[in-house]
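The block underneath contains the structure these notes are about, expressed in structure tokens.
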Ligand code: SF4
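Here it is as structure tokens:
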């Protein structure tokens, strides 16, 4: 709860006089006008638009204009109105580039943060003749940057920069169609499961045929451009990983290769847009996959640790070993490949007999099965040999066998070595996973990625990290610690640093500062945070009846318009089934159609509600009257049996830290903030974030979580919140 009660009552926003009408000035209120940019005290100096003569002169000299000028031109062309937070962020990014000091910027929804980092990044790339990498967590943001923001900025800034800036998108090789496979130079290999299912075979053949046809139409070969898409199985038939690729110089169609074209384009571009996984692979691998660059902007930085953890993790199952053996069978002595197949069967058997969960020690049977896999894979790798004079087909067969076999070998070795050190000194966490009916697999992931990020990212190049949610519990330090950065210290003003503040860290540690540029939204006047303190704490056996009653009353008061964010699919389905019985308004449930189509239906009809789980917490952007209530059933802590979270928690506690807050609290705070962020997507949006879990108000950690949320007006009173929702519903319905 905020320390001080706001100086208005909830009726000031939602219903001042019982007339069931919202005050027009609040309903109609346009975006809280951003302060005009001025050079007044505490405000960044205002940009001024250069004259045509000035621009022409610069263009002739091919010298980029200063940041203020570029920003002014960009804002005029793209959004029309300067925003205080956007200007402050652009200046901080520019200062980071100049000073080399890393910057973490929290920029709330509506700041226009992509423009705020792209303008100084483009200016730097053009001025220094270098490349800036922009990394995102989601395809949606990648698309927004490449299809909307960058083309508009490139056009707007060309004259003031002296030339048109260039940009490119770069993904992992697996995302591009492999022409060598399309042309049949490498064997196709329907998976075993598909071989016995005629329907699956014909669907696979259909998809593969479609990919072959598409290969002559597409200019990029980028999987995301194929609409509708094809099955994962079919895509795997027509693409390769980096390790499976023959290499452009040996590949008979290397000159036309889509992945190589994308790499070449990226090598020439000022701005390269990529994803966190490729950024992590670039950092992990000794062979660079990204073009030479001296600066990185990490957008959606709240997801960086998870994405890097995934990229740095590994997985081994009996079927993966047998699949590698099958590929080896085409390239090496049958006996050697059979040995790997038998080792795979041995591993499959042992894993099938083992209980899922984290492995703190390696059982003897498993150790022996893994040693068998490691040795058999090593024999295959030796038999496959090194690059030889061979035709494309033989080379492809060898490469397609070598890549997975090497991976099987390296993962088996990593799993075995992971248990060598005493428990408190291990770097990896190993667990047996048996999810959703899939065959059991051993998984391994690093206990932390801070050391990796620090050494391979922050010590190499200037990095700007940004998101709407970075300051958890009001501080950047929690996430900074996970990124491998030292705690932020109090700073004195100085002119030459990212936020005009003296670098707070000592010379041996990466220097960084955090900056919160806020949001142009007026959260206190536009939204209510309601915590149902009167409800019982959530249990393990589904949603209690009292939660369903509360939910039904809230959705009824809101007239639908509800996004229900649940901590499990089971809870989402339970709520959906129950509310369909009780309500006259439609309720959609994630999984009943593609998420994109469900969100479209939800956005089109204000009476419709949409319930779901994790991907909805971050992926829904529905401004306007279709979304006026966000309900979260419980604080989204990781499951207590989550092996990685519990191992990380334990390791931090063993070192004297607060493992629960650092790991589970951070996870929950990030998701809560992301979920609450679904409510206000434009300055005229109004509504309620309702958290049914009373622990947000009653538990000791509640204040940390609360401080991570946007500063809504808060209440625990169900009557107040239902009244506000009813008035908002009737006001929007009457309009
Ligand atoms: S260079 Fe590699 S990815 Fe490109 S077509 Fe050849 S094998 Fe496929």
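Residue numbers (my numbering): 12 to 746. In this text, a Cβ means the ideal position worked out from N, Cα and C, and glycines have one as well.
Check	Outcome
Length of the line joining the Cα atoms of residue 407 and residue 335	14 Å
Extent of the continuous alpha helix (DSSP H) to which residue 227 belongs	That residue, residue 227, is in no alpha helix (DSSP H); it is neither H nor E in DSSP.
Beta carbon of residue 571 nearer than 8 Å to that of residue 624	no
Range covered by the alpha helix (DSSP H) that runs through residue 162	161-172
Local Cβ density within 10 Å of residue 239, reported as buried at 16 or more and exposed below that	exposed
Every unbroken alpha helix (DSSP H) inside the region 445-494 [4 residues or more]	461-464, 488-494
Inter-residue Cα distance where the pair is residue 465 and residue 338	38 Å
Environment of residue 735 [buried if 16+ CB atoms lie within 10 Å]	buried
Residue interval of the beta strand (DSSP E) (run including residue 539)	538-542
Status (buried if at least 16 other CB within 10 Å, exposed otherwise) for residue 173	buried
Test item: CB-CB of residue 157 and residue 284 under 8 Å	yes
Local Cβ density within 10 Å of residue 483, reported as buried at 16 or more and exposed below that	buried
Beta-carbon proximity check, residue 342 vs residue 257, cutoff 8 Å	no
Rounded C-alpha distance that separates residue 110 from residue 162	28 Å
Boundaries of the alpha helix (DSSP H) in which residue 834 is found, first to last residue	This structure cannot speak to residue 834, because the chain is shown only from 12 to 746.
At least 3 beta-carbon pairs within less than 8 Å: the region 245-255 vs the region 141-160	no
Close beta carbons around residue 309, own chain, < 6 Å, minus the five adjacent residues each side	146, 315, 476
Residue 408 Cβ short of 7 Å to ligand 1 heavy atom set	no
For residue 103, the first and last residue of its enclosing beta strand (DSSP E)	First-last for residue 103: 95-110, but that is the alpha helix (DSSP H), not the beta strand (DSSP E).
Exposure label - residue 490; buried when at least 16 CB within 10 Å	buried
Any non-hydrogen atom of ligand 1 closer than 7 Å to residue 404 Cβ	no
8 Å contact criterion, which residue 222 and residue 193 should meet: CB distance rounded	7 Å
Alpha-carbon to alpha-carbon, residue 665 and residue 711	21 Å
Check whether residue 378 and residue 327 have beta carbons under 8 Å apart	no
Assumed close pair residue 622, residue 575 - CB separation to whole angstroms, cut-off 8 Å	4 Å
Same chain, Cβ closer than 6 Å to residue 729, neighbours up to 5 away in sequence not counted	none
Where the beta strand (DSSP E) containing residue 546 begins and where it ends	Residue 546 -> no beta strand (DSSP E), and no H or E assigned at all.
Opposing strand residues paired with residue 285 [DSSP bridges]	146
Any non-hydrogen atom of ligand 1 within 7 Å of residue 257 CB	yes
Cβ distance (whole Å) where residue 384 is taken to contact residue 658 below 8 Å	The Cβ separation is near 24 Å, so there is no contact.
Buried or exposed by the 16-neighbour rule on C-beta atoms within 10 Å, applied to residue 704	buried
Per-residue DSSP class, three states only, for residue 369	strand
Touching by the beta-carbon criterion (3+ pairs, under 8 Å), the region 117-126 and the region 90-103	yes
Through-space distance from residue 584 to residue 635, alpha-carbon basis	26 Å
Proximity below 8 Å, CB of residue 437 to CB of residue 463	no
Closest Cα partner of residue 278 within the set 299, 253, 263, 267	299
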